[in-house]
Amino acid sequence: MKQFLSKLTFWKVTAAVILLAGASATAIRFFGGLGAATNLSDEFPWGLWIGFDVLCGVGLAAGGFTLAAIVYIFNVKRFEPIIRPTILTAFLGYLLVIVALMFDLGRPLQIWHAFIMWNPRSVMFEVAWCVILYTAVLSLEFAPVVLEKFNMTKTIKVMKKVTIPLIITGVLLSTLHQSSLGSLYLIVPEKLYGLWYSTSLPIFFFVSAVSVGCAMMILESFLSSRAFNRGLEMNLLTEIGRVAVLVLGVLLTMKIVDLADRHAFSLLMQPRMETYLYWFEISIGVLIPLVLLAIRKVRENQNGLFLSAVMIIIGFILNRMNIAITGMEGWAGVSYFPTWMEITVTLSIVVGGFVIFSLAAKYLSLFKHEEHEKSSQPINEWIEDLRTVSQGN
Amino acid sequence: MNTKKAMLIDITLCIGCNSCQDACKKANNLAEGGEKKLSPSAYTALEEHDGVFVRRMCQHCEEPTCASVCPVGAFTKTPEGPVLYDENKCIGCRYCMQACPFQVPRYEWSSTYPRVQKCIFCHGRITQGLQPACAEACPTGATKFGNRDDLIREALERIKTEPTKYVNRIYGQHEVGGTSILYITNVPFEQLGFKTELQATALPTLTWNALSKIPGVVTVGGVFLYGIWWITNRRTEVQRFERKLAEMEQRSNGNHS
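Protein sequences appear in the order of chains A and B. Numbering-wise (this note's numbering), the first sequence opens with residue 44 and increments by one. Numbering-wise (this note's numbering), the second sequence opens with residue -4 and increments by one.
Structural data, given as structure tokens:
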């Protein structure tokens, strides 16, 4: 343990500096208003906090529902070893989104209005409800891990009974939520640059979230295996890499078809900033990892797999930032770059996530799983019944 | 009878005297400042484009984008025409500002309890049968208040009588489904900072197309996921059962022999 601590000293110092700066930025934000803390303006009302914290935060939490669907719905039980850390990451991701929203909303204490003042025609209304409900679902999905710690077996048993409805609800909510973040931008057909604006934005957001969900599972497994000296489930991760190839392929095809439908191929060749950013985003996030992961040797190689996952994640972040920020700047006629306060608040929230994750890894059995035998319980009873019946005959 | 109100702004008649802004500030208790751009304390402002004055203000869309995007329904379109904002509902997400095709809503960035600010088309005065303060104050008739249908007819008439002077377009007649504020001009709209690329479809249709699919996604998705789970679960159950059965048979065979 001592070794572990001394190894992390550099990161601890960095984290402390970030948190300190974040704390002062927080004070400025809440005592001086959004104007004092951010570079937002009437022309550019959404910045880093929406672009990164919300859009990327929700997206990077996508591993949760992807893996939950794989393990519980498609019943591929061999992925069970990584389900707990993945669900925890998703849960943290959502908590962080909520924290970021408290910074970004002009009147954060009024957030409860969303519960009682409905406007079902608003995408933001859908987003709000998805955040609330899915955070609740995620906390229920993760609850057994905490309850286990306190030996509350009865509660766990009750919760196990509702696992499948819970997982299905979670997958549906995620599907809606990931896509609704794309729907947010359907309303700005003139403002968002043509390479990104499409009526298929909701579908793109959903599919790219699934791809980044795969990448996040790989990244999390690597990071936790390094930090906690665990073995790596290479065979599982290789398979996830294969799924990622499929998803990226679908995404790329849809993007090409979409550009063709909109007769927008010419936009790919215009000598302007947006074009370069688009090509960069697509190459890093889709084209290169697609090719890399399609090669079996790369997929089965630790470094190759890790690198591909990181590229998918970076490409994903670039995509969301392009849609939220760079793709909007042209029409708005202003340029936006976040203040140090916007940046440090964002970083602080990320640091907070890392801290909670490592605490959970230390005190909860995140990586253990002794459920396999228990799950065969009902079948034994069934066999018992069968035996008595046959004996009766 | 159609009671929908509107204002016709004839850019050729505006002399840039700023009476509209002064009257507006008085009527709405806004701080003085002589702003040349919209601001939280300027519901209207005269923008100068090469000696031509363009009065900017909320367009009061027939199908307001702001009202559709607001998660808490803080914006309402009144039957008379004004689009109103209820600050007591607002949570400050600023989606209205992000979505407004005319970049109208302004925010009180320096406040710790900020409001969105924009023209309210003098709703109180209109319902009392008065004109908006700006229209009443305009000395040249550049801003004219009336029924929307009548004003469109009048605008067409003005364009028809002087076709060489006016650009053949009423800005606001069709843009994003039509607005309550209408403009006519002798200088092309593009040169005056107007967003001329706006389509005639109301923007809320775009998001509604996606939102209206939710019930379908939920029901079909729910049934689909449950179905898949049922099949995969059943398969493992059967496999497990068969294995146990085989074991049992083996055991009982062993006992018999």
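Ideal placement from N, C-alpha and C gives every residue a C-beta, glycine not left out. All figures in this text were calculated on a predicted structure; none of them were measured in a lab.
Taking the straight line between their C-alpha atoms, what separation do you get for residue i and residue j?
i, j, result
"VAL214(A)", "LEU125(B)", "55 Å"
"VAL174(A)", "VAL97(A)", "10 Å"
"LYS(-1)(B)", "ALA112(A)", "52 Å"
"THR202(B)", "THR242(A)", "9 Å"
"GLY90(A)", "THR159(B)", "45 Å"
"MET312(A)", "ALA80(A)", "38 Å"
"MET195(A)", "LYS204(A)", "15 Å"
"ASN162(A)", "ASP81(B)", "14 Å"
"THR200(B)", "SER175(B)", "19 Å"
"GLU414(A)", "LYS239(B)", "Any reading at GLU414(A) needs caution, since the residue's pLDDT is 41, under 50, leaving its predicted position unreliable; the model's value is listed next. Each residue's Cα considered, the two are about 19 Å apart."
"VAL56(A)", "ASN362(A)", "31 Å"
"THR52(A)", "HIS156(A)", "43 Å"
"ILE126(A)", "MET260(A)", "9 Å"
"GLU244(B)", "GLY396(A)", "54 Å"
"GLY76(B)", "PHE116(B)", "8 Å"
"PRO381(A)", "ILE61(A)", "16 Å"
"ASP144(B)", "ARG153(B)", "14 Å"
"TYR162(B)", "THR369(A)", "Just to set this straight, residue 162(B) is Val in the shown sequence, not Tyr. Distance between the alpha carbons of VAL162(B) and THR369(A) is about 34 Å."
"GLY119(B)", "VAL329(A)", "55 Å"
"THR296(A)", "LEU333(A)", "12 Å"
"VAL300(A)", "LYS190(B)", "29 Å"
"SER207(B)", "ILE338(A)", "41 Å"
Using only alpha-carbon positions, find the residue among the options that is nearest to residue i.
i, options, result
"PHE95(A)", "VAL286(A), SER378(A), ILE357(A)", "ILE357(A)"
"VAL182(B)", "GLY29(B), MET243(B), GLY141(B), GLU43(B)", "GLU43(B)"
"ALA205(B)", "CYS257(A), GLY256(A), ILE246(A), VAL253(A)", "ILE246(A)"
"GLN194(B)", "ILE230(A), LEU244(A), SER251(A), VAL253(A)", "ILE230(A)"
"ILE71(A)", "LEU131(A), THR387(A), GLY256(A), LYS55(A)", "THR387(A)"
"PRO208(A)", "GLY216(B), PRO210(B), LEU146(B)", "GLY216(B)"
"LEU198(B)", "VAL64(B), ARG246(B), THR214(B)", "VAL64(B)"
"ARG50(B)", "HIS118(B), GLY11(B), ILE165(B), ILE147(B)", "GLY11(B)"
"SER84(A)", "ALA37(B), TRP104(B), ILE226(B)", "TRP104(B)"
"GLN112(B)", "GLY119(B), HIS118(B), PRO100(B)", "PRO100(B)"
"PRO151(A)", "LEU77(A), ASN82(A), PHE122(A)", "LEU77(A)"
"SER222(A)", "TRP322(A), VAL180(A), CYS99(A)", "CYS99(A)"
"GLY68(B)", "PRO128(A), MET160(A), TYR321(A)", "MET160(A)"
Look at the Cβ atom of residue i, then the Cβ atom of residue j, and state whether they are nearer than 9 Å.
i, j, result
"LYS84(B)", "VAL78(B)", "no"
"SER226(A)", "PHE248(A)", "yes"
"PHE134(A)", "GLU86(A)", "no"
"VAL101(A)", "TYR137(A)", "yes"
"GLY265(B)", "GLU58(B)", "No answer is possible for residue 265(B): the residues shown for chain B start at -4 and end at 252."
"LEU219(A)", "TYR228(A)", "no"
"LYS142(A)", "ILE392(A)", "The sequence given here places Val at residue 142(A); Lys does not occur at that position. In this structure, ILE392(A) lies closer than 9 Å to VAL142(A) by Cβ."
"PHE410(A)", "PRO124(A)", "yes"
"ALA18(B)", "ALA128(B)", "yes"
"PHE74(A)", "THR107(B)", "yes"
"LEU291(A)", "SER254(A)", "yes"
"CYS53(B)", "CYS114(B)", "yes"
"GLY284(A)", "GLY107(A)", "no"
"PHE359(A)", "LEU103(A)", "yes"
"SER408(A)", "LYS197(A)", "no"
"TYR90(B)", "PRO35(B)", "no"
"VAL250(A)", "VAL293(A)", "yes"
"LEU390(A)", "GLY65(A)", "yes"
"VAL170(A)", "LEU216(A)", "no"
"GLY376(A)", "ARG305(A)", "no"
"LEU302(A)", "LEU310(A)", "yes"
"PRO96(B)", "THR135(B)", "no"
Would you decide whether residue i is buried or exposed? Buried here means 16 or more other CB atoms lie within 10 Å of its CB.
i, result
"TRP239(A)", "buried"
"GLN234(B)", "exposed"
"GLN98(B)", "buried"
"LEU269(A)", "Note that residue 269(A) is Arg in the sequence shown here, rather than Leu. Exposed, by the Cβ-count rule."
"TYR406(A)", "exposed"
"ASN365(A)", "buried"
"MET316(A)", "exposed"
"TRP225(B)", "exposed"
"PHE219(B)", "exposed"
"ARG110(B)", "buried"
"ILE325(A)", "buried"
"ASP147(A)", "buried"
"VAL201(A)", "exposed"
"ALA59(A)", "exposed"
"LYS21(B)", "exposed"
Going by the C-beta, is residue i closer than 8 Å to any heavy atom of the ligand MG?
i, result
"VAL47(B)", "The model on display carries no ligand, and the ligand MG is accordingly not part of it."
Three or more C-beta pairs closer than 8 Å, one from the stretch 329 to 349 of chain A and one from the stretch 254 to 271 of chain A: is that the case here?
-> As far as the Cβ criterion goes, the stretch 329 to 349 of chain A touches the stretch 254 to 271 of chain A, which means the pair count is three or higher.
When the Cβ atoms of the stretch 0 to 12 of chain B are set against those of the stretch 139 to 146 of chain B, are three or more pairs found closer than 8 Å?
-> Yes: the two stretches touch, three or more of their Cβ pairs being nearer than 8 Å.
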